[in-house]
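Residue numbers (the numbering used here): 18 to 127. Scroll down for the structure; my scribbles are underneath it.
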């Protein structure tokens with residue numbers, strides 16, 4: 018069951034506010050070093066590294082070496098997969114219901 022394991026890792030990674038903050042930081046400016054990320058968080062370098070490791074394991078962050086630096090990049094693909102699997106199917110029904118309500122109200126008022 019690799020898909021279930023991947024989904025579990027993804028939700029575990031997203032459950033922590035510090036990891037969500039790291040994702041927000043990378044979304045705002047991709048390709049940051051560990052030092053650049055640490056500037057925005059009130060925690061030790063080791064703690065940031067541990068959070069980044071969880072995000073890398075969940076495939077939400079990819080890293081690239083540039084000389085002695087390791088750059089961190091947001092990988093939005095797993096988030097898109099969550100959207101498609103867990104959100105979009107519910108959103109479609111909601112939008113259809115709103116469209117139906119709008120049409121009924123227009124008939125009543127028209």
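Built from N, CA and C at the ideal position, the CB exists for glycine as well. Being a predicted model, the structure only gives us computed values, none of them experimental.
Residues near residue i by beta carbon distance below 7 Å, same chain, minus five either side
{"i": "residue 79", "result": "90, 92"}
Identity of the residue in the options nearest residue i by Cα
{"i": "residue 30", "options": "76, 21, 45, 51", "result": "76"}
{"i": "residue 71", "options": "114, 121, 34", "result": "34"}
{"i": "residue 74", "options": "37, 123, 124, 26", "result": "26"}
Boundaries of the beta strand (DSSP E) in which residue i is found, first to last residue
{"i": "residue 79", "result": "78 to 83"}
For residue i, the residue or residues it bridges with in DSSP
{"i": "residue 98", "result": "In DSSP, residue 98 forms no bridge with anything."}
{"i": "residue 87", "result": "82"}
Pairwise C-alpha distance: residue j and residue i
{"i": "residue 103", "j": "residue 24", "result": "11 Å"}
{"i": "residue 106", "j": "residue 114", "result": "13 Å"}
{"i": "residue 43", "j": "residue 126", "result": "48 Å"}
{"i": "residue 39", "j": "residue 46", "result": "11 Å"}
Close beta carbons around residue i, own chain, < 8 Å, minus the five adjacent residues each side
{"i": "residue 55", "result": "62, 65"}
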